[in-house]
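Residue numbers for the sequence shown, in full-length UniProt numbering: 1 to 313. Just so you know, even glycine gets a beta-carbon here, dropped at the ideal spot from N, CA and C. All values reported here derive from a predicted model rather than from experimental measurement. Scroll down for the structure; my scribbles are underneath it.
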Amino acid sequence: MATGQPVSVAIERDSGIQYVVTLGERPSTRIVQPRLDTLTLGREVDVKTSLYAALEAEEIPRRFAAELDMLLGGLMDTRRDIAGGERLQLLWEEDRREDGTRVGPPRLTYMRLVDQGERLEVLWPADQRTTVMLFKNGSLLDSLQIPVLGARLTSPFGNRRHPVSGEVRRHDGIDLAAPRGTPVMATARGRISFIGRRGGYGRVVEIEHETGTISRYTHLSRFVARLAVGDSIKAGEKLGEVGASGLATGPNLHYEVRVDDRPVDPLEEGQLILLSESPTRQEYRSALFEARTRLQKNIGTSAAPDLAALDNR
């Protein structure tokens, strides 16, 4: 290599984005966005023993089982209550390069679980991906605002052995594992009451909501620029990114909900829901109809037997 000739180094992230650094007389940095195609995939499986086993047998991403376990936690214990005889239908998206290589994690968009005539559906609206809607037999049960999309529940609420100190302590929130840099979203509108560092929590954002409720987001790697105490925040608004600041073994969001300064389980029925902002009747009817239509197109089954019932609700 001739002296003075520029040298370029490319660093690629899991998302497929390349950071190209050129060293020479005029150093430069540029970001190269990958050319990606988004594919919608659908599968239908019969559960024989467990949700995890059913997905693994059909080579469907097992991360979906952990995500559903978290979302359905207020309605059922998926490890105990889904034990065989159920039919599961799924839709998800994957970003692929031209050579077919998948970039980034797959994203669930719709789930339908049928058991003895009962139908549970979970829907992620395309225009607001952190809001999740739960339906039972065609009726809207709950709408949940999820702080980290596609996260894996690694530690529930309650007493546990601390992963760093080894001591048995009360765990006042839930831990959601996700790659470093994953966006962290507010679960409801409110005002920022604290932003900064706080001991083992590391980088923290606290939001005050109505009725004496506080949501707390910790271990962040960074905050969104210019956020400050007193700022108004909307549901789904980005607060920062997943990290491992403070006392943490790896990238995760420790998420807490407090009512009158008392910690409550965010996954208990009524808690995540308390912080959500429900869609209108027309919004959820349209979204559910579209999801069922996509499912029917992808897996060739009739996924809309109860659509007519929605017209009368």
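Beta carbon of residue i nearer than 9 Å to that of residue j
i: threonine 218; j: arginine 191; result: no
i: aspartate 265; j: proline 156; result: yes
i: glycine 240; j: serine 221; result: yes
i: leucine 90; j: leucine 108; result: yes
i: arginine 180; j: glycine 246; result: no
i: aspartate 69; j: leucine 55; result: no
i: leucine 176; j: asparagine 252; result: yes
i: arginine 30; j: valine 45; result: no
i: valine 259; j: threonine 187; result: no
i: glutamate 118; j: tyrosine 110; result: no
Whole-angstrom distance between residue j and residue i, CA atom to CA atom
i: glutamate 269; j: glutamate 86; result: Only weak support is given to the placement of glutamate 269: the predicted model assigns it a pLDDT of 49, under 50, and the value that follows is read from those uncertain coordinates. Near 23 Å, if we compare the C-alpha coordinates of glutamate 86 and glutamate 269.
i: proline 106; j: glutamate 67; result: 12 Å
i: glutamine 282; j: phenylalanine 289; result: 11 Å
i: arginine 43; j: glutamate 93; result: 12 Å
i: serine 8; j: proline 263; result: 51 Å
i: valine 204; j: phenylalanine 194; result: 7 Å
i: leucine 295; j: valine 148; result: 25 Å
i: arginine 35; j: arginine 102; result: 12 Å
i: isoleucine 146; j: valine 132; result: 7 Å
i: glutamate 12; j: valine 257; result: 36 Å
Enclosing beta strand (DSSP E) for residue i [first to last residue]
i: tyrosine 255; result: 252–259
i: glutamine 89; result: 87–96
i: leucine 39; result: 37–46
Beta-bridge partners of residue i, as assigned by DSSP
i: alanine 177; result: Arg152, Asn252
i: valine 224; result: Beta-bridge pairing links valine 224 to no other residue.
i: glycine 158; result: His171
i: lysine 238; result: Met185
i: valine 229; result: Partner(s): none; valine 229 has no beta bridge.
Reduced DSSP category for residue i - H, G, I as helix; E, B as strand; rest coil
i: leucine 267; result: coil
i: methionine 76; result: coil
i: leucine 113; result: strand
i: serine 8; result: strand
Bounding residues of the alpha helix (DSSP H) (the contiguous stretch that carries residue i)
i: lysine 136; result: Note, lysine 136: premise wrong, no alpha helix (DSSP H); beta strand (DSSP E) at 131–136.
i: aspartate 69; result: 63–71
i: tyrosine 201; result: Run containing tyrosine 201: none; DSSP gives neither H nor E here.
i: residue 314; result: The requested residue 314 is not part of the displayed model; the chain covers only 1 to 313.
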